[in-house]
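Residues in the sequence shown are numbered from 1093 upward in steps of one, following the working numbering.
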Amino acid sequence: GYGLIYLIIGLFLKFKVKNPKPMIKRFTKLILILSSACIIWGTLTGSFFGVGPSIKTSLGKVTFINYLATKKADYHVEKKDDVYEDWVKKYPNAATSKNGKDFLLKTVKKEDSKEKFEALDTFKDNILMETALLIGVLHIALSFLRYLLKSYSGAGWVLFMIGGYLFFPSILNATSMVHFLNILSKPTCFFIGKILLFSGLCIAVILAVVQKRLKGIIEITAVIGVFADVMSYLRLYALGLAGMIMASTFNDLGMKMGLSIGFIVIIIGQAVNILLAIMSGVIHGLRLNFIEWYHYSFEGDGKLFNPLKLLK
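Quick look at the structure:
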């Protein structure tokens, strides 16, 4: 929904503004790119102004996020693991589920004449959180690879991050997309991830010593920074969740206030949410690029920063 608004603004600036200044041209290009990304993401997650199609509908069945949640449910129903047992304790009827879709439909709670599919919502949240971390791993890996010829240790850190992505879900007893999409089993992920995690760390230190001599030993201290930088990408999940909750809250408030007043509440609420989404998205996006990403693939030109020096 928000992506369509951005797209309309971008198309208006592109075709209606005559002889735009260079800044307007750059802004128009930026907003068209952002609107396209927003529309694609909204389509994948099935979100339109905070409203999504029910899994019971035809549209809800083909939404990509619901597809992933169904695959995750299929996995738990097949394995009969602790996640399955926890949901069955809360919803005994779910024990009769024959597949993931049936399981998601039976873990439902009614609130104010509305159906809330609790397992579906939980699984979608887990998938979105993992997606944010996966984006972090891929993004920072690109940064290391970009600077690889100048910093050999980056090869080791790329292996370290891939290993961590495969290894840590087993430590936390979590189910990753790699597991429920049947790419790798949990024992295989644990085994490969453990090897990549520790070998990547060793390779990073060894390559740093080869390149920097004894100074390269301190490369091992970067492990905390790499881990923290990847975790920092969770802000993407938090921003998306906050925006979705606010949009849904304004919609619910508007529906309770009648047609005329409710419509105004929804319009004002969505407008406020759009502004907050723009600010937070741009600010945190810039932060992830300039702090987490540039940190591993950018080096200043070496000019001394002396702000109080008078220019002659």
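C-beta: ideal position from N, C-alpha, C; glycine also.
Contact check for Val-1229 against Val-1322 passes: the beta carbons are separated by less than 8 angstroms.
With a threshold of 16 other beta carbon atoms within 10 Å, Val-1374 falls short and is exposed.
By the C-beta density criterion, Thr-1155 is buried, having at least 16 other C-beta atoms within 10 angstroms. When the Cα atoms are used, Leu-1276 and Asp-1166 turn out to be separated by approximately 16 angstroms. Nearest to Trp-1133 by alpha-carbon distance, out of Ile-1157, Ser-1262, Phe-1215 and Gly-1292, is Ile-1157.
For Val-1200, there is no enclosing alpha helix (DSSP H); the residue is found in the beta strand (DSSP E) stretching over 1200-1203.
As a beta-bridge residue in DSSP terms, Lys-1208 pairs with Lys-1201. At the C-beta level, Lys-1208 and Lys-1216 stay beyond 8 angstroms of one another.
Counting the other CB atoms within 10 Å of its CB gives Cys-1294 a total below 16, which places it among the exposed residues. Rounded to the nearest whole angstrom, the CA to CA distance from Leu-1306 to Ile-1312 is 12 angstroms. Between the alpha carbons of Ile-1358 and Met-1338 lies a distance of about 11 angstroms. In the three-state scheme derived from DSSP, where H, G and I count as helix and E and B as strand, Phe-1390 is classed as coil. DSSP places Phe-1397 in the coil class of the three-state scheme, outside both helix and strand. By the neighbour-count criterion, in which a residue is buried when 16 or more other Cβ atoms sit within 10 angstroms of its Cβ, Lys-1242 is exposed. Following the DSSP letters along the chain, one finds Ala-1266 in no alpha helix (DSSP H), marked with neither H nor E. In terms of Cβ geometry, Gly-1346 and Asn-1365 do not form a close pair [threshold 8 angstroms].
Positions of the alpha helix (DSSP H) runs, each at least 4 residues long and wholly inside the stretch 1211-1278, are given as 1246-1263 and 1269-1272 in order along the chain.
Unbroken alpha helix (DSSP H) stretches of 4 residues or longer found wholly inside the stretch 1301-1374: 1314-1323 and 1326-1348, given in chain order. Judged by their CB atoms, Leu-1258 and Ile-1284 are nearer to each other than the 8 angstroms cut-off. For Ala-1369, same chain residues with a beta-carbon under 6 angstroms away, outside a window of 5 residues either side, are Gly-1335 in chain order.
The residue from Gly-1138, Ala-1233, Leu-1240 and Leu-1226 with its alpha-carbon nearest to that of Asp-1213 is Gly-1138.
The distance from the Cβ of Ala-1296 to that of Gly-1248 is about 3 angstroms, consistent with a contact at the 8 angstroms cut-off. With 16 or more other CB atoms across the displayed protein chains lying within 10 angstroms of its CB, Val-1175 is buried.
Residues of the same chain with a CB within less than 7 angstroms of the CB of Leu-1237, apart from the 5 flanking positions on each side, are Gly-1246 and Val-1250 in chain order.
Going by beta carbons, Thr-1199 and Ala-1211 fall inside the 8 angstroms limit.
Across the structure, Leu-1196 and Trp-1179 are spaced so that their CA atoms are roughly 10 angstroms apart. Here Ile-1227 is actually not in contact with Leu-1160; their C-beta atoms are around 15 angstroms apart, not less than 8 angstroms.
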